[in-house]
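Residue numbers are given in the working numbering: position 97 of the sequence shown equals residue 106, and the series is strictly consecutive. Cβ coordinates follow ideal geometry from the N, Cα and C atoms, glycine included.
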Amino acid sequence: MRIPTEPGCSLCQRPFDDPGLLDGTVCSPCLADPPRHDGIAAGTIYNDTSRKLILAFKHGRRIALVSVLARLMAARLPELEGDWSVIPVPLHRGRLWRRGFNQAALLAHELTRQRGLALMVDGLERIRATPSLGGQGKNARSKILAGAIRVTKKHQAGLKGQRIVLVDDVLTSGATSNACVSVLKRAGAERVVIACFARVLSQVVQPDSRGINETPEV
10 MRIPTEPGCS LCQRPFDDPG LLDGTVCSPC LADPPRHDGI AAGTIYNDTS
60 RKLILAFKHG RRIALVSVLA RLMAARLPEL EGDWSVIPVP LHRGRLWRRG
110 FNQAALLAHE LTRQRGLALM VDGLERIRAT PSLGGQGKNA RSKILAGAIR
160 VTKKHQAGLK GQRIVLVDDV LTSGATSNAC VSVLKRAGAE RVVIACFARV
210 LSQVVQPDSR GINETPEV
């Protein structure tokens, strides 16, 4: 497995190959489109090894892997001062029914246990089923996810000023996590840090009339 190393982008923690870069350097994707999140903590960089683990965990139902995956994520989370809550990226109820579990929720539960954080497992809900984002350009992804995710009524009034760790298994283009961050910030969340097991950096880039597709299928 490839573990992210320093130095990295000061906004998204994307690792740089040049060890001589100074603290505060911002990567070109963040310069072109400044993120709304407050950092990304990735346990690994997406490669063949991490892909096999994710496929075994998510589709092979090897849920016992959750402790190993979450341990790598916990090691990459920065020191979090004050009170933080952990919220998983939600699945639509149809997909949850077919799969039998939300892999992000399992990771979030284990991460809270390992780091002593509060769990808000039902903080977000996906109110509309969405198709796979693989093969879609950036603009198309945003349109697909528009209005699909919202803060649950139970937590709408309690997110103001909250600091959130948003958990997912794989961070690909960032479209889904960006949608989650946007609704959390609109609800008043003060900070949102994204935690994932694998982060895609070495993508197969395909031209698209609406943008660039950078998402592998997992």
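Rounded Cβ spacing between residue i and residue j (contact assumed at less than 8 Å)
i, j, result
"residue 204", "residue 173", "About 10 Å; that fails the 8 Å criterion."
"residue 236", "residue 117", "As displayed, the chain neither begins before 10 nor continues past 227, which places residue 236 out of reach and without an answer."
"residue 49", "residue 208", "7 Å"
"residue 85", "residue 187", "That pair is no contact at about 20 Å."
"residue 73", "residue 180", "Not a contact, Cβ separation roughly 23 Å."
Cut-off 7 Å between Cβ atoms - residues of its own chain near residue i, not counting five sequence neighbours on either side
i, result
"residue 12", "53"
"residue 123", "79, 80 and 83"
"residue 112", "66, 67 and 178"
"residue 114", "97 and 130"
"residue 76", "119"
"residue 35", "18, 19 and 20"
"residue 47", "200, 201 and 202"
"residue 33", "19"
Proximal residues to residue i (C-beta, below 6 Å), its chain only, five neighbours per side dropped
i, result
"residue 170", "199"
"residue 56", "11"
"residue 24", "13, 14 and 17"
"residue 151", "none"
"residue 210", "54"
"residue 101", "135 and 138"
With 16 other Cβ atoms within 10 Å as the buried cut-off, status of residue i
i, result
"residue 22", "buried"
"residue 104", "exposed"
"residue 221", "Residue placement at residue 221 is poorly supported in this model, since its pLDDT is 30, which falls under 50; the coordinates are not used for a value here."
"residue 58", "exposed"
"residue 40", "exposed"
"residue 215", "Per-residue confidence for residue 215 stands at a pLDDT of 35, beneath the threshold of 50, marking its modelled position as unreliable; no derived number is given."
"residue 182", "buried"
"residue 110", "exposed"
"residue 166", "exposed"
Proximal residues to residue i (C-beta, below 8 Å), its chain only, five neighbours per side dropped
i, result
"residue 133", "96, 97, 98, 99, 158, 159, 160, 161, 189, 192 and 193"
"residue 30", "16"
"residue 126", "89, 93, 94, 95, 120 and 174"
"residue 71", "65"
For residue i, the nearest candidate out of the options (CA to CA)
i, options, result
"residue 155", "163, 166, 27 and 139", "139"
"residue 42", "184, 206, 164 and 201", "184"
Heavy atom of the ligand ATP within 7 Å of residue i beta-carbon
i, result
"residue 57", "Only the bare structure without any ligand can be found here, which leaves the ligand ATP out of the picture."
task = Please specify which runs of the alpha helix (DSSP H), each continuous and at least 4 residues long, are wholly inside the region 133-197, giving them in chain order.
result = The region 133-197 contains these whole alpha helix (DSSP H) runs: 147-154 and 184-195.
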